[in-house]
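> Before I ask anything, let me first share the structure, which is written out below as structure tokens.
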Amino acid sequence: HEVVNNTNTCRVVLLIRFWHPAVPKSKTNQILAEAIQHKEKDIRRRYNPPLPLPQFNAVESRGMKHSMCRKCMQSGYTSINLVGTGNPKKSVSFNCYCGEPIMG
Numbered sequence: 161h162e163v164v165n166n167t168n169t170c171r172v173v174l175l176i177r178f179w180h181p182a183v184p185k186s187k188t189n190q191i192l193a194e195a196i197q198h199k200e201k202d203i204r205r206r207y208n209p210p211l212p213l214p215q216f217n218a219v220e221s222r223g224m225k226h227s228m229c230r231k232c233m234q235s236g237y238t239s240i241n242l243v244g245t246g247n248p249k250k251s252v253s254f255n256c257y258c259g260e261p262i263m264g
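For the sequence shown, this note's numbering begins at 161 and goes up steadily by one.
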């Protein structure tokens, strides 16, 4: 939502968040934890879009934090380094920042 105040006077907007009355209090923590998990997954997906070829499944899995480097135990999109190989048939490879290749 957007609020615009085209006057010279102060305008105050009160935002209130509340749970739906049908949600039992015993479930609110579980629902909130699930919402946070979904938000974190959405953020990871923003920086690690789906890759078009099956041979890149291991790279996508690393970016989404479903796997980690065997050498340095890093995970997530910040652990992926795209490297030019100099070989026209295999123009790029994906390595962990520690140098370990990410293989499918």
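No residue lacks a Cβ here, since even glycine has one placed at the ideal position from N, Cα and C.
Could you name the residues that DSSP lists as bridge partners for residue 216?
Here residue 216 corresponds to residue number 56 of the sequence shown, with the count starting at 1. Paired residues: none, contrary to the question.
> Consult DSSP for residue 244 and reduce its assignment to one of helix, strand or coil.
Residue mapping note: residue 244 aligns to position 84 of the sequence shown, counting from 1. Judged by DSSP in its simplified three-state form, residue 244 adopts strand.
> For residue 235, name the three-state secondary structure that DSSP assigns.
Taking the sequence shown and counting its residues from 1, the one referred to as residue 235 is at position 75. Correct three-state label for residue 235: coil.
> Just list the residues that DSSP pairs residue 165 with in beta bridges.
In the sequence shown, counting from the first residue as 1, residue 165 sits at position 5. Secondary-structure assignment with DSSP links residue 165 through no beta bridge to anything.
> Could you check if residue 239 is buried or exposed, using at least 16 other CB atoms within 10 Å of its CB as the buried criterion?
Here residue 239 corresponds to residue number 79 of the sequence shown, with the count starting at 1. Buried, by the Cβ-count rule.
> On the DSSP bridge assignment, give the partners of residue 221 in chain order.
Position 61 of the sequence shown, counting from 1, holds the residue named residue 221. Note: residue 221 sits in no beta bridge, so no partner.
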